[in-house]
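Q: Supplied in structure tokens, the structure appears directly below.
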Amino acid sequence: MDFYERAKMICENIPRGRVATYGQIALLCGKPRNARQVGYALNKGRLGDVPAYRVVSGSGVLSGAAAFETYDMQKILLEAEGVEVKRTKKGWKTDLKRFGWRTTLEEAESFQEMFQKKNI
DNA sequence: GTTCTGACGAACA
DNA sequence: GTGTTCGCCAGAA
Numbered sequence: 015m016d017f018y019e020r021a022k023m024i025c026e027n028i029p030r031g032r033v034a035t036y037g038q039i040a041l042l043c044g045k046p047r048n049a050r051q052v053g054y055a056l057n058k059g060r061l062g063d064v065p066a067y068r069v070v071s072g073s074g075v076l077s078g079a080a081a082f083e084t085y086d087m088q089k090i091l092l093e094a095e096g097v098e099v100k101r102t103k104k105g106w107k108t109d110l111k112r113f114g115w116r117t118t119l120e121e122a123e124s125f126q127e128m129f130q131k132k133n134i
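Position one of the first sequence corresponds to residue 15 (this note's numbering), numbered consecutively onward.
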């Protein structure tokens, strides 16, 4: 099983106008403790051109040190999709209550099935 | 083999 | 609400 392939697929399946957390992606990958690996993988660019701007840290804060040209690039992209991004002391922040990607049980299961099928 | 590092997270104070 | 500490696990050196 390839953790990176899974992460990539999940990133690509984050709905427009929503954001997901690293922990969430790790969870969907079947590795609940691997939130760091998600970020690490994305940073390394091993996932290719995935919409990584839809991935934020657990509290909804844009991690910032993303693989984007400028720091506020992520913010621009998110706002273009209708996600509100606020300025806080910690940096740019999204409201997970409203814009967080709520994964249903069905979605989670379909991911697992997909992984099984593709043997990744 | 070991050690360090890291787009992080949860549990604390 | 904030700041700190600790745990996590895959890569890199």
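Idealized CB from N, CA, C, for every residue including glycine.
(1) Please give me, in chain order, every unbroken run of the beta strand (DSSP E) with length at least 3 that falls completely inside the segment 56-119.
(2) Can you tell me whether Lys89 is buried or exposed? The criterion is at least 16 other CB atoms within 10 Å of its CB, across all chains shown.
(3) Are the CB atoms of Val33 and Val75 within a distance shorter than 8 Å?
(4) Measure the CB-CB distance between Gln51 and Ala40 and report whether it falls below 8 Å.
(5) Just to confirm before moving on: does the CB-CB distance between Gly31 and Glu95 stay below 8 Å?
(6) Are the beta-carbon atoms of Leu56 and Phe125 separated by less than 8 Å?
(7) For Ile24, I'd like the list of residues in its chain whose CB is within less than 6 Å of its CB, leaving aside the five on either flank, ordered along the chain.
(8) Name, in chain order, the residues that DSSP records as bridge partners for Ala21.
A: Let me spell this out:
(1) 99-102, 105-108
(2) Residue 89 sits at position 75 when you count from the first residue of the first sequence. It counts as buried.
(3) The residue you call residue 75 lines up with position 61 of the first sequence. The residue you call residue 33 lines up with position 19 of the first sequence. Contact flag unset, no.
(4) Translated into the one-based positions of the first sequence, residue 51 becomes position 37. Translated into the one-based positions of the first sequence, residue 40 becomes position 26. Yes. Within cutoff.
(5) Sequence index remark: in the first sequence, residue 31 carries index 17 (1-based). Sequence index remark: in the first sequence, residue 95 carries index 81 (1-based). Against a cut-off of 8 Å, the Cβ pair of Glu95 and Gly31 comes out as a contact.
(6) Counting from 1 along the first sequence, the entry for residue 56 is found at position 42. Counting from 1 along the first sequence, the entry for residue 125 is found at position 111. Taking 8 Å as the Cβ cut-off, Leu56 and Phe125 do not qualify as a contacting pair.
(7) Taking the first sequence and counting its residues from 1, the one referred to as residue 24 is at position 10. These residues qualify, in order along the chain: Ile39, Leu42.
(8) In the first sequence, residue 21 corresponds to position 7, counting from 1. In the DSSP output, where bridge partners are listed per residue, Ala21 has none listed.
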